[in-house]
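Numbering (the working numbering), first residue to last: 6 to 161. Notes follow the structure.
As structure tokens, this is what we get:
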């Protein structure tokens, strides 16, 4: 670290890596380090509980993360616009929250750029939802399924 300058995102991740490794028997969570620095621009690092660090295009964690790996893999794309990245993040978090009873009821985002950190708050009644279309699909599939089961077999 250079005196008088903030550390690079990589340096911050390395410091957390050391902390996680030294305390691996006492920690039960991973760490996500993300930011923007003059050397590498924007970057994201995932540090698992054992202390290994991985630079990734995006990172997810927490109890709801297990529900959204497939969604994130399918919907993430490189070089998203600011609005696309915010929508991707909000949708991912809202989907995790809808499946995980331990995830919170609001979304707090930090959009980190070269110039500043912008905080975006989304209250629970404004969260993106995913189930309206699926209910229609499930109901239609159930009706179709019930009709197939209840249809008399012409051979019987």
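Don't be surprised by glycine CBs; every beta carbon is placed ideally from N, CA and C.
key: Reduced DSSP secondary structure (H/G/I, E/B, other) of residue 61   = For the purposes of this step, residue 61 is identified with residue 56 of the chain shown, where counting begins at 1. Note: residue 61 maps to strand in three-state DSSP.
inquiry  = Within a Cβ cutoff of 6 Å, which residues of the same chain sit near residue 5, ignoring the five residues on either side of it in sequence?
reply    = The shown model of the chain, from 6 to 161, leaves out residue 5, and the question about it has no answer.
query = What does DSSP give as the partner residues of residue 126 in its beta bridges?
reply = Locating residue 126 in the chain shown gives position 121, counting from the first residue. Paired residue(s): 113.
inquiry  = Using a 10 Å radius around the Cβ and a threshold of 16 neighbouring Cβ atoms, would you call residue 94 buried or exposed?
reply    = Walking along the chain shown from the start, residue 94 turns up at place 89. Counting the other Cβ atoms within 10 Å of the Cβ of residue 94 gives 16 or more, which makes it buried.
query = Taking Cβ positions only, does residue 75 come closer than 8 Å to chain B?
reply = Absent here is chain B; the protein component of the structure consists of one chain.
message = Need the endpoints of the beta strand (DSSP E) that residue 52 sits in, please.
response = Taking the first residue of the chain shown as position 1, residue 52 is located at position 47. Annotation: the continuous beta strand (DSSP E) that includes residue 52 extends over 46–52.
query = CB residue 53 to CB residue 63, shorter than 8 Å?
reply = Taking the chain shown and counting its residues from 1, the one referred to as residue 53 is at position 48. Taking the chain shown and counting its residues from 1, the one referred to as residue 63 is at position 58. Not a contact, by the Cβ cut-off of 8 Å.
inquiry  = Can you check which of these residues, 97, 110, 116 and 78, is closest to residue 87 by C-alpha distance?
reply    = Position 82 of the chain shown, counted from the first residue, corresponds to residue 87. Considering only alpha carbons, the answer is 116.
message = What does DSSP give as the partner residue(s) for residue 38 in the beta ladder?
response = Locating residue 38 in the chain shown gives position 33, counting from the first residue. Residue 38 pairs with 50.
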